[in-house]
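A.B. asks:
Numbering (UniProt numbering), first residue to last: 1 to 103.
Here it is as structure tokens:
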């Protein structure tokens with residue numbers, strides 16, 4: 001499944017009301033470590049049909065970043081049933097993200 005671009009307009013539908021768990025990448029275009037994580041996040045989206053994967057540009061969606069306490073990027077959040085159940089800050093290997101989602 002492709003990565004979904006998340007905004008305040010679609011966040012409730014795509015994440016909070018999702019029938020699947022959702023991995024959310026909080027990033028910025030100017031962030032070097034975020035650029036390193038982008039292909040990893042894309043791979044996870046392509047390889048796992050049982051979860052949704054989305055990205056939030058923190059420069060464009062500052063309210064969402066503040067609501068979820070994103071102070072450093074990249075921050076990866078894992079949502080289940082509308083709640084953030086796990087959060088990881090900084091660039092991480094794919095294996096750590098997979099552990100986060102229970103793979």
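From the three backbone atoms N, C-alpha and C, an ideal C-beta is built for every residue, glycine too.
Being a predicted model, the structure only gives us computed values, none of them experimental.
1. Residues bridged to residue 77 by DSSP?
2. Over the uninterrupted alpha helix (DSSP H) stretch that includes residue 41, give me the two end residues.
3. Taking 8 Å as the limit between beta carbons, can you name the residues of its chain near residue 104, skipping five residues before and five after?
4. Looking at the unbroken alpha helix (DSSP H) that takes in residue 67, where does it start and where does it end?
5. Could you tell me which residues DSSP puts in a beta bridge with residue 52?
6. One question on the structure: do residue 27 and residue 45 come within less than 9 Å of each other, judged by their Cβ atoms?
7. Based on Cα-Cα distance, which residue from 79, 61, 97, 47 lies nearest to residue 29?
8. Under the rule that 16 or more other beta-carbon atoms within 10 Å means buried, what is residue 99, buried or exposed?
C.D. replies: Well, looking at it:
1. Position 77 of the chain shown, counted from the first residue, corresponds to residue 77. Paired residue(s): 24, 87.
2. Position 41 of the chain shown, counted from the start, is the residue given in the question as residue 41. Taken as a continuous stretch (DSSP letters only), the alpha helix (DSSP H) holding residue 41 covers 32 to 47.
3. Since the first and last residues shown for the chain are 1 and 103, residue 104 lies out of range.
4. Sequence index remark: in the chain shown, residue 67 carries index 67 (1-based). Looking at the DSSP string, the run of the alpha helix (DSSP H) that includes residue 67 is 62 to 67.
5. The count along the chain shown starts at 1 and reaches residue 52 at position 52. Residue 52 pairs with 22.
6. Stepping through the chain shown from its first residue, residue 27 is reached at position 27. Stepping through the chain shown from its first residue, residue 45 is reached at position 45. It is not a contact, given that the beta carbons lie outside the stated cut-off.
7. Numbered from its first residue, the chain shown carries residue 29 at position 29. Answer by Cα proximity: 61.
8. On the chain shown, position 99 is the one that residue 99 refers to. Answer is exposed; the Cβ neighbour count stays below 16.
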